[in-house]
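Visitor:
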Amino acid sequence: MISIVATVAIAVLSGPPIHTLKQSAVLDANAPTVSLTFGMVVAVSGDRIAATGPDPSRTGGSVGQIATFQLQPTGEWTCFREMQSVDQVRTGDMILGRMAMSGEVLLVSDERRDGRSSTVVAFESASTSSGWKQVGRLDPPLTVTEPAFGMAVATDGVIAAVSTVDMRVLGEKPRTVQVSPKVFLFKRGPEGWSGIGFLQRDESQKPTFFGASLAMTPGQLVIGCPKAVPAAPHQQLVVGGEAVVVVYRQNQEGMWTIDGELRPPADRLDHIGFGSTIAADDSTIAVRMSMVTAPTARVLVYRRGATGWVYDGELTPLIDVTPGAGWGYSLAVADGRVVVGDSTALNGDQPPGYVGVFARASNGSWGESMRLQPSVKVMAARWGVALRADGRRVVVARPQSERDGIVPGGALLFMLPPVDQVPVPSAAGSAPATLTPLTAPATK
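Following this line, the structure appears as structure tokens:
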């Protein structure tokens, strides 16, 4: 069920005026959805958008629903007739908690809860009623057990990166903690996906959460390694080495070498969750950092200059919005701009939730340039919980909620105007940019 809305308005706020952008399309699944959180997981690549939700398998077999939308020559988005499921799922697995899409490729998680290795399921676009065909699985080596395999997944359509860091905080099951986790790399070829190696930091650095977040563009892989991640009440807080975000680039020989190591400013070292969420393109990286033990989070921006990666400023919304504990929980880089989501942000008497777009002004500072606002119902305290971007297209999750009359759920699409058409206002409290280079190993 697709409806089209195209509106750009100017909102009058208590602070400086800011552009408010309404969705250009409402993308609803075309059939009833089973997952209670359908719409919590979204992806976009080119002219395709996918929406799904985590689904526990009670019987095994073919499980889950992925709604896929295709842009037509008329400019309308249409949903494929059927929703894609995941075949050969085992009883007790949790599928579709994570999804990555690039070009003809779709990867989704299949998480085991019995202590054995999890897996990632691969799809390719096809002329089917769902738009996809399941073509195989990406698995860790048989010689190791990786229960958290697929907790983060990224792909550029040819190379895939799969994390093994356990980010689960719910339930009574203890977290799987590794001294030096790996990020496995796979390559897509004529015969399907095959493992080509892994990236790993030296054990002496205590990189306990290396791979907590991933971002990939062709030839570049960004890996977040926070010092700690949130723990459930029954879990012990595990603290590793220093918090760092590592940037890798692929050289002409196909080898992945370190292009930079991003660290928080010296006055923010108490934000041990630096790197828990990241988003990147070839020249811009946005990094969420939280205090982990307190409901405080910030978003920093780094850019690639002539001498390497440098810290470029902090993202602060205009004065009418109060960021919450979820500030930057969802991030995307869209056409050089950074999109920040926070389902806990407060904005006057409106329901909690926020999605804002930040741009770099001519003086080098980052400021909020526009705000994404839905004109249809969104589940309370879920606006901004998940988002993805490709070019100027931004897709924001719209989870289903019978209580709020949102059935069956899906996503909202926003089309950002060209960056030069939206001036950047002077955001109150925005941190100025700095050009002080960070210490980074030279590219080999």
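Counting in numbering that gives the first Met the number 0, the sequence shown runs from 0 upward without gaps. Ideal placement from N, C-alpha and C gives every residue a C-beta, glycine not left out.
1. Let's see if you can read the secondary structure: which residues bound the beta strand (DSSP E) around residue 288?
2. Using the C-alpha atoms, what's the distance from residue 33 back to residue 401?
3. Would you check if the distance between the CB atom of residue 116 and the CB atom of residue 144 is smaller than 8 Å?
4. Leaving out five residues on either side along the sequence, give the residues of the same chain with a beta carbon under 6 Å from the beta carbon of residue 194.
5. So for residue 342, helix, strand or coil by DSSP?
6. Hey, quick one: how far does the beta strand (DSSP E) through residue 186 stretch, first residue to last?
7. What residues in its chain sit with their C-beta under 7 Å from that of residue 375, if we drop five residues either side in the sequence?
8. Let me confirm a value: residue 108 is counted as buried when at least 16 other C-beta atoms fall within 10 Å, else exposed. Which label applies?
9. Quick check: the Cα distance between residue 335 and residue 59, rounded to an integer number of angstroms?
10. Is the distance from the Cβ of residue 395 to the Cβ of residue 339 below 8 Å?
11. Quick one: measure Cβ to Cβ for residue 386 and residue 329, integer angstroms, because I've assumed they're closer than 8 Å.
12. To the nearest angstrom, report how far apart residue 159 and residue 153 are at their CA atoms.
13. Look at the Cβ atom of residue 148, then the Cβ atom of residue 408, and state whether they are nearer than 8 Å.
14. Keeping to the same chain, check which residues put their C-beta closer than 7 Å to that of residue 410; ignore five residues upstream and five downstream.
15. Can you tell me the Cα-Cα spacing of residue 128 and residue 80, whole angstroms?
16. Report all residues from its chain with a CB closer than 7 Å to the CB of residue 414; omit the five preceding and five following residues, and keep chain order.
17. Can you say whether residue 313 is buried or exposed, counting buried as having 16 or more other CB atoms within 10 angstroms of its CB?
18. With DSSP run on the structure shown, which of helix, strand or coil describes residue 377?
19. DSSP three-state call for residue 389: helix, strand or coil?
20. Starting from residue 82, trace the beta strand (DSSP E) in both directions and tell me its first and last residue.
21. Compute the Euclidean distance between the alpha carbons of residue 322 and residue 298, then round it to the nearest angstrom.
22. In the DSSP assignment, find the beta strand (DSSP E) that holds residue 365 and state where it starts and stops.
23. May I have the straight-line CA-CA distance separating residue 67 from residue 29, to the nearest angstrom?
24. Name, in chain order, the residues that DSSP records as bridge partners for residue 123.
25. Distance, Cα to Cα, residue 182 vs residue 271?
26. Indicate whether residue 216 and residue 280 have their beta-carbon atoms separated by less than 8 Å.
27. Run through the DSSP bridge pairs and tell me what residue 329 is partnered with.
28. Should residue 310 be counted as a contact of the ligand FMN given a C-beta to heavy atom distance under 7 Å?
29. Could you spell out where the beta strand (DSSP E) holding residue 414 opens and where it closes?
30. Check this for me: beta carbons of residue 224 and residue 304, under 8 Å apart or not?
31. Helix or strand or just coil, what does DSSP make of residue 397?
32. Does any C-beta atom of chain B lie closer than 8 Å to the C-beta of residue 278?
33. Am I right that residue 278 and residue 331 are in contact with their C-beta atoms under 8 Å? What's the rounded C-beta distance?
34. According to DSSP, is residue 248 helix, strand or coil?
35. To which residues does DSSP link residue 321 through a beta bridge?
36. Let's test the definition: count the other Cβ atoms within 10 Å of the Cβ of residue 165 and tell me whether it reaches 16, buried, or not, exposed.
Guide: According to the structure data:
1. Indexing the sequence shown from 1 puts residue 288 at position 289. Here the beta strand (DSSP E) through residue 288 covers 283-289.
2. The count along the sequence shown starts at 1 and reaches residue 401 at position 402. The count along the sequence shown starts at 1 and reaches residue 33 at position 34. Going by the C-alpha atoms only, they are around 12 Å apart.
3. Position 117 of the sequence shown holds residue 116. Position 145 of the sequence shown holds residue 144. Yes, Cβ-Cβ distance for residue 116 and residue 144 is below 8 Å.
4. On the sequence shown, residue 194 is found 195 positions in, with the first residue counted as 1. Cβ neighbours of residue 194 beyond the five flanking positions: 185.
5. Along the sequence shown, one-based indexing puts residue 342 at 343. Residue 342: coil per DSSP, three-state reduction.
6. Position 187 of the sequence shown holds residue 186. Segment 182-188, the beta strand (DSSP E) holding residue 186.
7. Mapped onto the sequence shown, residue 375 falls at position 376. The beta carbon of residue 375 lies closer than 7 Å to those of 25 in the same chain, with the five residues before and after it left out.
8. Numbered from 1 along the sequence shown, position 109 holds the residue referred to as residue 108. So residue 108 ends up on the buried side.
9. Position 336 of the sequence shown holds residue 335. Position 60 of the sequence shown holds residue 59. Their backbone Cα atoms lie some 42 Å apart in a straight line.
10. As a first step, residue 395 is located in the sequence shown; it is residue number 396 there, counting from the start. As a first step, residue 339 is located in the sequence shown; it is residue number 340 there, counting from the start. It is not a contact, given that the beta carbons lie outside the stated cut-off.
11. Locating residue 386 in the sequence shown gives position 387, counting from the first residue. Locating residue 329 in the sequence shown gives position 330, counting from the first residue. Residue 386 to residue 329, Cβ: 5 Å. Contact.
12. In the sequence shown, counting from the first residue as 1, residue 159 sits at position 160. In the sequence shown, counting from the first residue as 1, residue 153 sits at position 154. If you draw a straight line from the Cα of residue 159 to the Cα of residue 153, it is about 6 Å long.
13. Residue numbering aside, residue 148 sits at position 149 when the sequence shown is read from its first letter. Residue numbering aside, residue 408 sits at position 409 when the sequence shown is read from its first letter. Taking 8 Å as the Cβ cut-off, residue 148 and residue 408 do not qualify as a contacting pair.
14. Taking the first residue of the sequence shown as 1, we reach residue 410 at position 411. Result list for residue 410: 26, 38, 41, 48, 50, 394, 395, 396 and 397, in chain order.
15. Here the question's residue 128 lines up with position 129 in the sequence shown. Here the question's residue 80 lines up with position 81 in the sequence shown. Taking the straight line joining both Cα atoms gives about 6 Å.
16. Position 415 of the sequence shown holds residue 414. Excluding sequence neighbours, residue 414 sits near 23, 391 and 392.
17. Stepping through the sequence shown from its first residue, residue 313 is reached at position 314. Classification for residue 313: buried.
18. Indexing the sequence shown from 1 puts residue 377 at position 378. Correct three-state label for residue 377: coil.
19. Taking the sequence shown and counting its residues from 1, the one referred to as residue 389 is at position 390. For residue 389, the secondary structure class from DSSP, reduced to helix, strand or coil, is strand.
20. Position 83 of the sequence shown, counted from the first residue, corresponds to residue 82. Per DSSP, residue 82 lies in no beta strand (DSSP E) and is assigned neither H nor E.
21. Taking the first residue of the sequence shown as position 1, residue 322 is located at position 323. Taking the first residue of the sequence shown as position 1, residue 298 is located at position 299. In this model, residue 322 and residue 298 are separated by some 11 Å (Cα to Cα).
22. Locating residue 365 in the sequence shown gives position 366, counting from the first residue. Segment 365-371, the beta strand (DSSP E) holding residue 365.
23. As a first step, residue 67 is located in the sequence shown; it is residue number 68 there, counting from the start. As a first step, residue 29 is located in the sequence shown; it is residue number 30 there, counting from the start. Between the C-alpha atoms of residue 67 and residue 29 there is a straight-line separation of about 10 Å.
24. As a position in the sequence shown, residue 123 is number 124, starting the count at 1. The partner list for residue 123 (beta bridge, DSSP) reads 104 and 132.
25. Here the question's residue 182 lines up with position 183 in the sequence shown. Here the question's residue 271 lines up with position 272 in the sequence shown. A direct Cα-Cα distance of roughly 21 Å separates residue 182 from residue 271.
26. Mapped onto the sequence shown, residue 216 falls at position 217. Mapped onto the sequence shown, residue 280 falls at position 281. A contact, by the Cβ cut-off of 8 Å.
27. For the purposes of this step, residue 329 is taken as residue 330 along the sequence shown, with counting starting at 1. In DSSP, residue 329 forms a bridge with 340.
28. No copy of the ligand FMN occurs in the structure displayed, which carries no ligand at all.
29. Position 415 of the sequence shown, counted from the first residue, corresponds to residue 414. Membership of residue 414 in the beta strand (DSSP E) is indicated by the continuous run 409-414.
30. Counting from 1 along the sequence shown, the entry for residue 224 is found at position 225. Counting from 1 along the sequence shown, the entry for residue 304 is found at position 305. In this structure, residue 304 does not lie closer than 8 Å to residue 224 by Cβ.
31. To locate residue 397, count along the sequence shown from 1; it is residue 398. DSSP places residue 397 in strand when its eight states are reduced to three.
32. Among the chains in the structure shown there is no chain B, since it carries only a single protein chain.
33. Here residue 278 refers to the residue found at position 279 when the sequence shown is read from its first residue. Here residue 331 refers to the residue found at position 332 when the sequence shown is read from its first residue. So it is a contact: roughly 5 Å between Cβ atoms.
34. Reading the sequence shown from its first residue, position 249 is the one you call residue 248. Here residue 248 sits in strand by DSSP.
35. Within the sequence shown, residue 321 is the residue found at index 322, counting from 1. Paired residue(s): 345.
36. Taking the first residue of the sequence shown as position 1, residue 165 is located at position 166. By the neighbour-count rule (16 or more Cβ atoms within 10 Å), residue 165 is buried.
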